[in-house]
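**Q** Under the UniProt record's numbering, the letters of the sequence shown match residues 1 to 396, in that order.
The beta-carbon is built from N, C-alpha and C at its ideal position, and this holds for glycine as well.
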Amino acid sequence: MGEQPVNGQGDTGKEGGDRKFATRLIHFGGEIDKTTGASSVPIYQASTFHHHDIFNPPEYDYSRSGNPTRQALEDYIAQLEGGARGFAFSSGMSAISTACLLMSAGDHMIVTEDVYGGTYRLLTSILSRLGIEATFVDMTDFEAVKAARKDNTKAVFMETPSNPTLKITGIAEIAAWAKENELLTLLDNTFMTPYHQRPIEQGVDIVLHSATKFLGGHSDVLAGLAVAATDSLGRRLKQLQNGLGTVLGAQESWLLMRGMKTLQARMEHSERGARKLAEWLSEQPEISAVYYPGLADHPRREVHEKQSKGYGAVVSFDVGSGDRAKTLLSRVQLPLVAVSLGAVESILSYPAMMSHAAMPQQVRHERGITDGLLRYSVGLEDIDDLIADLEQALRS
1 MGEQPVNGQG DTGKEGGDRK FATRLIHFGG EIDKTTGASS VPIYQASTFH HHDIFNPPEY
61 DYSRSGNPTR QALEDYIAQL EGGARGFAFS SGMSAISTAC LLMSAGDHMI VTEDVYGGTY
121 RLLTSILSRL GIEATFVDMT DFEAVKAARK DNTKAVFMET PSNPTLKITG IAEIAAWAKE
181 NELLTLLDNT FMTPYHQRPI EQGVDIVLHS ATKFLGGHSD VLAGLAVAAT DSLGRRLKQL
241 QNGLGTVLGA QESWLLMRGM KTLQARMEHS ERGARKLAEW LSEQPEISAV YYPGLADHPR
301 REVHEKQSKG YGAVVSFDVG SGDRAKTLLS RVQLPLVAVS LGAVESILSY PAMMSHAAMP
361 QQVRHERGIT DGLLRYSVGL EDIDDLIADL EQALRS
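1. Express the C-alpha separation of ASP107 and PRO285 in angstroms, rounding to a whole number.
2. For a test of the three-state rule: what should DSSP assign to LYS154, helix, strand or coil?
3. Check each candidate in LEU277, TYR311, LEU394, LYS326 and name the one with the smallest Cα separation from ASP384.
4. Does DSSP put LEU122 in a helix, in a strand, or in coil?
5. Can you find a C-beta in chain D that's less than 9 angstroms from the C-beta of SER97?
6. Pull up the DSSP beta-bridge partners for PHE55, would you.
7. I need the boundaries of the alpha helix (DSSP H) containing HIS50, first residue and last residue.
8. Beta carbon of LEU248, beta carbon of VAL319: below 9 angstroms?
9. Between which two residues does the alpha helix (DSSP H) containing HIS27 stretch?
10. For ARG85 versus GLY234, is the C-beta spacing smaller than 9 angstroms?
11. Near ILE287, which residues of its chain fall below 6 angstroms by C-beta distance, leaving aside the five closest residues on each side in sequence?
12. Give the single residue among LEU215, LYS146, TRP254 whose Cα lies nearest to the Cα of ALA72.
13. Compare the C-alpha of MET359 against each of SER125, PHE89, ASP18 and name the closest.
14. Return the chain-ordered list of same chain residues with a C-beta closer than 6 angstroms to the C-beta of ALA250, the five sequence neighbours on each side being excluded.
15. Taking the alpha carbon of PRO137 as the point to measure from, which residue in SER128, ALA147, ARG129 has its own alpha carbon closest?
16. Check whether the Cβ atoms of SER340 and LYS213 lie closer than 9 angstroms to each other.
17. Would you report the Cα separation of residue 401 and GLN333, rounded to the nearest angstrom?
18. Name, in chain order, the residues that DSSP records as bridge partners for ARG85.
19. Check GLU133 in the structure and name its three-state DSSP category.
20. Would you tell me roughly how many angstroms separate the C-alpha atoms of GLN202 and ARG331, rounded to the nearest one?
21. How about residue 418 and SER270: are their beta carbons less than 9 angstroms apart?
22. Going by other Cβ atoms of all chains shown within 10 Å of its Cβ, with 16 needed for buried, is GLN239 buried or exposed?
23. Between the Cα of ILE26 and those of ARG300, ALA176, LEU263, SER232, spot the shortest distance and give me the residue it belongs to.
24. Just curious, the alpha helix (DSSP H) that VAL339 is in, first and last residue?
25. Could you name the residues of the same chain whose beta carbon sits closer than 8 angstroms to that of ILE174, not counting the 5 residues immediately before and after it, in chain order?
26. What separation, rounded to the nearest whole angstrom, lies between the Cα atoms of TYR292 and TYR311?
27. If we call anything under 9 angstroms between Cβ atoms a contact, is ALA265 one with ALA22?
28. Check the C-beta distance from LEU187 over to LEU215 and give it rounded, since I have them as a contact under 8 angstroms.
29. Using only the alpha-carbon positions, how far apart do GLY37 and GLY30 sit?
30. Rounded C-beta distance between GLY243 and SER94? I'm assuming under 8 angstroms.
31. Excluding the five sequence neighbours on either side, which residues of its own chain have a C-beta within less than 7 angstroms of the C-beta of VAL337, listed in chain order?
32. Have a look at the DSSP bridge pairing and note the partners of ALA289.
33. Which whole-angstrom value describes the C-beta separation of PHE55 and GLU74, a residue pair presumed to lie in contact below a C-beta threshold of 8 angstroms?
34. Check for me: the alpha helix (DSSP H) holding ARG149 runs from which residue to which?
35. Return yes when the Cβ of ARG300 is within less than 9 angstroms of the Cβ of GLU113, no when it is not.
36. For ILE347, which residues does DSSP report across the bridge?
Here you go:
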């Protein structure tokens, strides 16, 4: 899939008119410092700001409430996602936690069943103590989503493709139903990024990112982002961000902006590799299942293609048992065996003991997250070398 959007998904943003996405990644409005002409946003490593006139407070007074470097990043992601306001947080879970605190005690959320393990932990062990209830649903079944609604339901939390089995939720369908029922919609867009998928254009209220992953892209910054579709929702998120203090520092904001400039180039290269890897894995007798939206037999591939420009760079596959998974992990030589994804280097993860370790084993298995499941985030290496490495690990 190329530069042109699928099914009318527009490539325009708040700034730049009809400029294409690759151009807007570089020319996002804050790329040149207005004071000095510097080719990079300055790092305002300051905690507080002088009030020249105490009766007319400056735009920035304290870095928790606002910092010029962080503001440039927040405007950047809002423009890329086509939203009204963006917010930068200290981690992806910080962004998700803050957004979920739009809920109050007694409220109920409907959540993608195989959601990221950290989100599952937040909902089941932290927000549950605050009286915020969650029901986990297979969102590929729209009737099941509708059936999960209660009198106190206030929000729907989507993750598509889901982590790690890459199930596809129909964004526009659920967003439209949620609006009819006055429900807030939140969507974790970490895997697709705004290059491949812009949920606000599908009707979603809040888009969330673990920016540590593809947006940062270099395994050197921990960050989270949120984008609100409307100014009124943005004001509510701002109040939470400021009140909780869940903000991203100036140095990390600068690093993240630097990484985001190469997002399209990285995603395109990694996706080409991921498609080839998924096809190769599908032909291997040792592999019992392969999950990748770009495969012809991937469930609801046609739904994904209606709402996304591409298939992403994450491939999950099942080697049949926990012992075989651990053996393979000990034999690969090229990918990092690590938590996380979306970096220039390939990362091979073991969800049962990494991203989804917070889920009880029975719950994981019910969601298809078996002890033999591995998740491969394809980086920028030559894909033939990655496949050869994986082949020797499987066969040795």
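**A** Let me lay it out:
1. Put simply, the backbone Cα of PRO285 is about 47 angstroms away from that of ASP107.
2. strand
3. LEU277
4. helix
5. Given the protein chain composition of this structure (a single chain), no chain D is represented.
6. Beta-bridge pairing links PHE55 to no other residue.
7. If you look at HIS50, you'll find it isn't in any alpha helix (DSSP H); DSSP assigns it neither H nor E.
8. no
9. Per DSSP, HIS27 belongs to no alpha helix (DSSP H) and is neither H nor E.
10. yes
11. LEU281, PHE317
12. TRP254
13. SER125
14. ILE43, TYR44, GLN45, ASN67, THR69
15. It should be pointed out that residue 137 corresponds to Val in this sequence rather than to Pro. Among SER128, ALA147, ARG129, the Cα nearest to that of VAL137 belongs to ALA147.
16. yes
17. This structure leaves residue 401 out entirely; the chain is present only between 1 and 396.
18. ALA228
19. strand
20. Here the C-alpha atom of GLN202 lies approximately 43 angstroms from the C-alpha atom of ARG331.
21. For the chain, the structure presents residues 1 to 396; residue 418 sits outside this window and is missing.
22. exposed
23. LEU263
24. Note, VAL339: premise wrong, no alpha helix (DSSP H); not H, not E.
25. MET139, PHE142, VAL145, VAL156, MET158, THR185
26. 7 angstroms
27. yes
28. In fact, because the Cβ distance is near 15 angstroms, the residues do not count as touching under 8 angstroms.
29. 11 angstroms
30. A Cβ-Cβ distance of about 13 angstroms is found for the pair GLY243 and SER94, leaving them out of contact under the 8 angstroms criterion.
31. LEU329, LEU348
32. According to DSSP, ALA289 bridges with ASP318.
33. Not quite, the Cβ-Cβ distance comes to about 28 angstroms (not below 8 angstroms), so this is no contact.
34. That residue, ARG149, is in no alpha helix (DSSP H); it is neither H nor E in DSSP.
35. no
36. LEU336, SER377
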